[in-house]
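Participant:
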Amino acid sequence: MVNYELFVPLHDLIPLRMEVINTITQLRERLAQHRDEGRTIGFVPTMGALHEGHASLVRKSVEDNDITVVSIFLNPTQFNDPKDLERYPRTLDADCRLLEQCKADIAFAPTVKEIYPEPDTRQFSYPPTDAVMEGAMRPGHFNGVCQIVSKLFTYVEPDRVYLGEKDYQQIAVIRRMVDDLGFKVEIVPCPVVRQSDGLAMSSRNALLTDEERKTASNIYRIMNESRTLGLSVQQTHDYVVSAINGIDGLEVQYFSIVDGDTLADVSSWDDAPSIVGCITVFCGTKPIRLIDHIKYK
Ligand code: PAF
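Going by my numbering, the letters in the sequence shown line up with residues 1210 to 1506, in that order.
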């Protein structure tokens, strides 16, 4: 039997250049010093289990700002399914190593008690962005995202925040929240990072078997193919859903073709200046829920 109490976190053995801060007070004090010395602050919020997609956000922030803060906080209030929260990968030491390599300056890794000493009862509502797709499938999810992101923005007061377009809908919801609450932060959306076979990088991919990963790469392949077929919006929708459902081990939960800004449904390619297809697919036997999107225009 392994005695986990004997294990010392890796960052206690090999010192990091990057600071790892666990409390809001310490974070605020440190950032106040940087701000007083005229430094700009870039922020990358994460839930840990970092991969190349996160690394690309951190590198962009390091390029654009004097100081880069990355939060690592598995936010319980955005999980409507306790099993999903339970099996979410937790890899703090590896995360800190990756952030160090990417030249982040501060990792903010608070406890749940630090962030939520009392339950957060605030309600956010930004329809249609938070009501459709993920909002409809995971009630309360975007409310939890707004709760944590608003708290983090208050502590970090970043000049710029770097968000992955992998969570396309999340960016639209956060934009509305930033406008509503008047945060003075520039949102920098960053493109999806994909594996060589097209599978979007995601912390959840770690939960897939090798075989399931291969199967999952069909999601992007089929969506990408649908751009080239000259079909109507409805035909494109039906093509993508039936082609993906035709593959063993994949089941589409929804595929919505929407206005890229408002996320309202479109019925013709002329309905909006930017049009995006957003998809959620169950993969494998556990099953793991994967999300992705494709830009049609
Ligand atoms: O995208 C995520 O990882 C999370 O939703 C975020 C923005 C870090 C809030 O917990």
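Glycine included, each C-beta is placed from N, C-alpha and C at the ideal position.
Report buried or exposed for threonine 1234, applying the criterion of at least 16 other Cβ atoms within 10 angstroms of its Cβ.
Facilitator: Exposed, because fewer than 16 other Cβ atoms sit within 10 Å of the Cβ of threonine 1234.
Participant: Please state the DSSP three-state secondary structure of proline 1285.
Facilitator: Reduced to three states, the DSSP call for proline 1285 is helix.
Participant: To which residues of the same chain is isoleucine 1453 closer than 7 Å at the C-beta, ignoring the five residues directly before and after it?
Facilitator: Hits under 7 Å: Asn1427, Ile1428, Ile1431, Leu1459, Val1461 and Val1490.
Participant: With DSSP run on the structure shown, which of helix, strand or coil describes glycine 1353?
Facilitator: The answer is helix: DSSP assigns glycine 1353 an H, G or I state.
Participant: Cα separation between asparagine 1212 and methionine 1386?
Facilitator: Because asparagine 1212 carries a pLDDT of 47, less than 50, the predicted location of this residue cannot be relied on, and the following value inherits that uncertainty. Near 45 Å, if we compare the C-alpha coordinates of methionine 1386 and asparagine 1212.
Participant: Excluding the five sequence neighbours on either side, which residues of its own chain have a C-beta within less than 8 Å of the C-beta of methionine 1510, listed in chain order?
Facilitator: There is simply no residue 1510 to check, as the chain begins at 1210 and stops at 1506 in what is shown.
Participant: To the nearest angstrom, report how far apart serine 1441 and lysine 1504 are at their CA atoms.
Facilitator: Approximately 15 Å between the Cα atoms of the pair.
Participant: Give a yes or no on whether the C-beta atoms belonging to glycine 1439 and isoleucine 1466 are separated by under 7 Å.
Facilitator: In this structure, isoleucine 1466 does not lie closer than 7 Å to glycine 1439 by Cβ.
Participant: Straight-line CA distance for lysine 1495 to aspartate 1457?
Facilitator: Each residue's alpha carbon lies about 14 Å from the other.
Participant: Under 8 Å: do the stretch 1287-1295 and the stretch 1260-1276 share three or more Cβ pairs, one atom per stretch?
Facilitator: Not touching, per the Cβ criterion.
Participant: For the alpha helix (DSSP H) containing valine 1402, name the first residue and the last one.
Facilitator: From DSSP, valine 1402 is part of no alpha helix (DSSP H); its letter is neither H nor E.
Participant: Secondary structure at histidine 1260, three-state DSSP: helix, strand or coil?
Facilitator: Of the three classes helix, strand and coil, the one that applies to histidine 1260 here is coil, per DSSP.
Participant: Nearest CA to the CA of isoleucine 1497: which residue from Asp1480, Leu1416, Tyr1463 and Tyr1448?
Facilitator: It is Leu1416 whose Cα lies nearest to the Cα of isoleucine 1497.
Participant: Smallest Cα separation from aspartate 1329: which of Met1227, Gly1353 and Leu1372?
Facilitator: Considering only alpha carbons, the answer is Gly1353.
Participant: DSSP state of asparagine 1212, grouped into three classes?
Facilitator: With a pLDDT of 47 at asparagine 1212, under the threshold of 50, the modelled position of this residue cannot be trusted; read the value that follows with caution. Coil.
Participant: Going along the chain, which residues of its own chain have a beta-carbon closer than 6 Å to the beta-carbon of glycine 1407, five neighbours each way excluded?
Facilitator: Taken in chain order, the residues that qualify are Ser1426, Tyr1429 and Arg1430.
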